[in-house]
């Protein structure tokens with residue numbers, strides 16, 4: 066059998082490799098010899114090849130057609146459930162007998178390509194041949210199809226000869242398949258530009274897929290809606306299982322496995338990385354190449370949290386042929402695609418990084434809700450969350466739904482049916498924040514803070530509705546506090562709104578979160594106004610009350626005494642705020658068991674409130690009620706003490722009598 070000669074000037078560069086590092090991959094004797102032609106690597110046994118001016122097609126082709134090795138990375142951890150889903154759907158006898166198309170979709174870096182490579186390795190002997198097409202760019206897809214056409218028809222590239230057109234190649238490949246008997250497997254890897262027909266990189270993927278019996282086609286894609294092109298359900302590749310992610314980390318980091326402390330730390334690391342395959346791989350590779358971390362794995366997470374954006378931007382040189390992009394590069398590509406199609410969706414995605422990454426329920430963006438608090442925060446140049454999303458058009462519920470649909474299409478968010486809300490991968494969530502400048506972070510944190518305030522004021526009275534807001538409140542507060550620290554402070558208006566948010570949090574019993582916000586408000590007012598300002602003292606009083614609710618009575622009493630002393634000195638002993646401070650301190654003293662001191666303070670407070678407000682004033686009634694409560698507690702305590710004293714005396718008398726008549730043992 067004659068084979069086409071290889072032109073001397075043609076070189077083979079695997080996807081993502083550099084010139085000079087050319088590799089030709091062989092799969093073993095059962096696939097026949099390895100051949101190079103027209104810039105492609107293909108493997109197989111070629112039967113009945115005839116080369117003539119009419120370019121007769123090969124009668125048979127067996128093996129693999131690919132520009133790179135069709136093997137998952139050496140340290141790949143099999144994801145058996147997902148691989149079985151691929152197999153089950155492709156081999157379902159009830160499905161259409163024509164070409165079966167299966168879409169494997171998921172977030173960039175989730176491991177789609179490696180999963181399909183594992184499928185190819187596991188089941189390649191079940192197919193007569195496997196054809197792997199790089200579909201990440203229009204140029205690479207067309208290049209591979211032309212090379213496939215040349216391979217199937219025994220053509221060679223000759224300098225000076227007219228190149229084969231893409232349309233000719235597509236028609237030729239389809240014609241070849243129509244006259245063959247399979248089974249065949251064709252993979253279109255990284256087909257991420259198959260939906261937006263107006264995009265310059267748009268690819269009509271179905272135009273390239275032959276229609277025949279016994280052809281299985283797998284399309285890997287970041288878009289969830291790509292699965293709509295076929296009757297099959299498709300396979301969603303999401304986070305790895307914890308055990309899988311930990312095993313993947315072990316394989317690349319080369320850490321010892323018999324140390325429980327190392328095992329626990331690795332589980333903490335992969336959890337921080339959201340069990341995302343590519344992120345775990347690159348992190349573990351970094352650890353494996355860093356002796357400092359090899360000897361102290363506990364140092365990785367603190368370093369990662371400081372240098373998160375930098376570490377996620379890395380590409381491992383040893384893995385460059387399998388992973389030509391870093392984690393963040395894959396997401397930037399999708400982000401720009403979203404921005405080209407729906408700019409509002411890309412802005413909404415950035416806003417989501419200033420809320421919690423989980424349970425993003427649509428009612429959070431109630432566009433019909435507009436509160437009076439809007440504008441009281443320090444939003445930059447009067448920018449609101451609505452104007453950031455759509456500066457020129459009114460934002461309505463349909464626009465918000467359209468934005469979420471676009472984000473879901475590119476796997477940046479997923480709809481959780483059980484929660485009736487969206488979720489974002491925690492690394493995507495972090496990346497959306499890290500990619501911004503300091504000024505942008507401050508602008509988005511303030512605009513999203515306005516959204517949070519609206520949600521608080523618009524939520525219902527049901528406790529579960531209020532509690533559902535807490536993760537978003539705290540995530541936004543964390544972003545707002547961080548941006549404010551970097552911009553040297555925060556304004557009075559924002560602190561006032563934060564004080565209200567802190568009260569909302571504590572009123573629903575989330576005292577630890579409330580303390581964090583109230584302490585921030587106290588420190589902010591100290592910087593703005595000084596320690597003696599009434600607003601600063603009020604913030605101290607709020608924090609002290611929450612500490613008391615938490616049971617930190619000593620710290621609460623100490624702060625409330627300071628509040629009382631400052632109000633006496635600044636406002637005077639007869640001021641209503643001073644009298645309220647007496648009431649508050651008395652309650653804490655009573656909770657500490659210092660009933661006498663607490664009652665004495667309350668008696669003074671009640672006397673002054675009656676004189677200033679009258680008996681019917683709400684504050685007076687509260688103080689009278691508190692005094693009655695502490696007095697009742699003291700009376701009850703005295704009774705219990707007296708009863709215990711009598712019981713102890715009786716027990717002592719009984720013991721003496723019993724001892725007198727106790728029989729002695731001979």
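Numbering (this note's numbering), first residue to last: 66 to 731.
Yeah, the Cβ is synthetic: ideal placement off N, Cα and C, and Gly gets one too.
This structure is a prediction, so every number in the text was calculated from the model and none was measured.
Is residue i near residue j, with beta carbons less than 7 Å apart?
i	j	result
residue 302	residue 177	yes
residue 306	residue 142	no
residue 259	residue 270	yes
residue 291	residue 255	no
residue 586	residue 563	yes
residue 248	residue 192	yes
residue 606	residue 581	no
residue 613	residue 653	yes
residue 478	residue 300	no
residue 327	residue 338	no
residue 250	residue 164	no
residue 431	residue 523	yes
residue 238	residue 220	no
residue 584	residue 608	yes
residue 488	residue 423	yes
residue 242	residue 277	yes
residue 507	residue 540	no
residue 378	residue 425	no
residue 317	residue 349	yes
residue 494	residue 172	no
residue 660	residue 692	no
residue 733	residue 340	A query on residue 733 cannot be resolved here, the shown segment of the chain reaching from 66 to 731 and no further.
residue 393	residue 496	yes
residue 268	residue 336	no
If you draw a straight line from the C-alpha of residue i to the C-alpha of residue j, how long is it?
i	j	result
residue 453	residue 181	40 Å
residue 384	residue 184	Interpretation of residue 384 is limited by its pLDDT of 44, a score under 50 that renders its predicted location unreliable; no figure is taken from the coordinates.
residue 410	residue 467	8 Å
residue 175	residue 342	5 Å
residue 476	residue 362	32 Å
residue 216	residue 195	13 Å
residue 465	residue 471	10 Å
residue 427	residue 152	36 Å
residue 288	residue 206	18 Å
residue 235	residue 266	18 Å
residue 602	residue 418	34 Å
residue 655	residue 707	20 Å
residue 735	residue 554	The structure shown has nothing for residue 735, since the chain only spans 66 to 731.
residue 457	residue 538	28 Å
residue 703	residue 518	49 Å
residue 286	residue 167	11 Å
residue 590	residue 556	9 Å
residue 446	residue 604	For residue 446, the pLDDT reaches just 44, beneath the cut-off of 50, and the residue's location in the model is therefore unreliable, leaving the point undetermined.
residue 272	residue 364	51 Å
residue 459	residue 315	51 Å
residue 91	residue 218	Low confidence applies to residue 91: its pLDDT is 32, below 50, so where it sits in the model is not reliable enough to give any reading.
residue 709	residue 579	41 Å
residue 179	residue 147	11 Å
residue 208	residue 332	43 Å
residue 532	residue 621	25 Å
residue 529	residue 574	12 Å
Between which two residues does the beta strand (DSSP E) harbouring residue i extend?
i	result
residue 284	280-286
residue 488	486-488
residue 290	Careful: residue 290 lies outside any beta strand (DSSP E) and carries neither H nor E.
residue 215	Where residue 215 is concerned, there is no enclosing beta strand (DSSP E), although the alpha helix (DSSP H) it sits in stretches over 203-217.
residue 196	194-199
residue 167	165-170
residue 481	479-481
Give the range of the alpha helix (DSSP H) segment to which residue i is assigned.
i	result
residue 236	231-243
residue 23	This structure leaves residue 23 out entirely; the chain is present only between 66 and 731.
residue 252	No alpha helix (DSSP H) contains residue 252, which is instead part of the beta strand (DSSP E) from 249-254.
residue 631	618-636
residue 737	There is simply no residue 737 to check, as the chain begins at 66 and stops at 731 in what is shown.
residue 177	177-188
For residue i and residue j, which I take to be in contact (beta-carbon distance under 8 Å), what is that distance rounded to the nearest angstrom?
i	j	result
residue 154	residue 297	5 Å
residue 569	residue 545	Not really, about 15 Å apart at Cβ, beyond 8 Å.
residue 667	residue 651	4 Å
residue 376	residue 351	7 Å
residue 649	residue 688	Rounded, the Cβ-Cβ distance is 10 Å, inconsistent with contact.
Could you tell me whether the region 617-636 touches the region 669-680, using the rule of 3 or more Cβ pairs below 8 Å? Counting C-beta pairs closer than 8 Å gives fewer than three between the region 617-636 and the region 669-680, which falls short of the contact rule.
So, does the region 696-710 touch the region 676-687, judging by three or more C-beta pairs under 8 Å? With a cut-off of 8 Å, the region 676-687 and the region 696-710 do not count as touching, because too few Cβ pairs lie within range.
Answer yes if the region 583-602 comes into contact with the region 614-626, meaning at least three C-beta pairs across the two stretches below 8 Å, and no otherwise. The region 614-626 is not in contact with the region 583-602.
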